[in-house]
Amino acid sequence: MALRGHFLSVEESMTKDELIARLQVLGEQLNRDVSLTGTKEELALRVAELEEELDDTDDAAGQDTS
Numbered sequence: 001m002a003l004r005g006h007f008l009s010v011e012e013s014m015t016k017d018e019l020i021a022r023l024q025v026l027g028e029q030l031n032r033d034v035s036l037t038g039t040k041e042e043l044a045l046r047v048a049e050l051e052e053e054l055d056d057t058d059d060a061a062g063q064d065t066s
């Protein structure tokens, strides 16, 4: 899985509470509910996925569509 290397490098050092806090922030930025339950590895993967989605959203917003 492509995201696996990313989340191991950054989110691995975060505590479970820090991961949950990050998920809450990402959920607010994406304007949706995010599951805050699971193992530390599951939370880290979810953070990586949401950060990638947010990056994709930011990239699309910055593109000229005309």
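Mapping of the sequence shown onto the UniProt record's numbering: position 42 corresponds to residue 42, and the numbering continues sequentially without gaps.
A virtual CB, placed ideally from N, CA and C, is assigned to each residue, including glycine.
Values in this document were obtained by computation on a predicted structure and should not be read as measured data.
Q | Same chain, Cβ closer than 6 Å to K40, five either side skipped, listed in chain order | A | So the list reads K16, once near-sequence residues are dropped.
Q: Return the first residue and the last residue of the alpha helix (DSSP H) that V34 is part of.
A: V34 -> no alpha helix (DSSP H), and no H or E assigned at all.
Q.
Just verifying my parser: in three-state terms, what is the DSSP assignment at Q29?
A. Looking at Q29 - three-state DSSP - the assignment turns out to be helix.
(Q) Which of the three DSSP states is assigned to Q24 in this structure? (A) If DSSP states are grouped into helix, strand and coil, Q24 belongs with the helices.
Q. What did DSSP end up calling T57 once you bin it into helix, strand or coil?
A. T57 carries a helical assignment under DSSP once its states are collapsed to helix, strand and coil.
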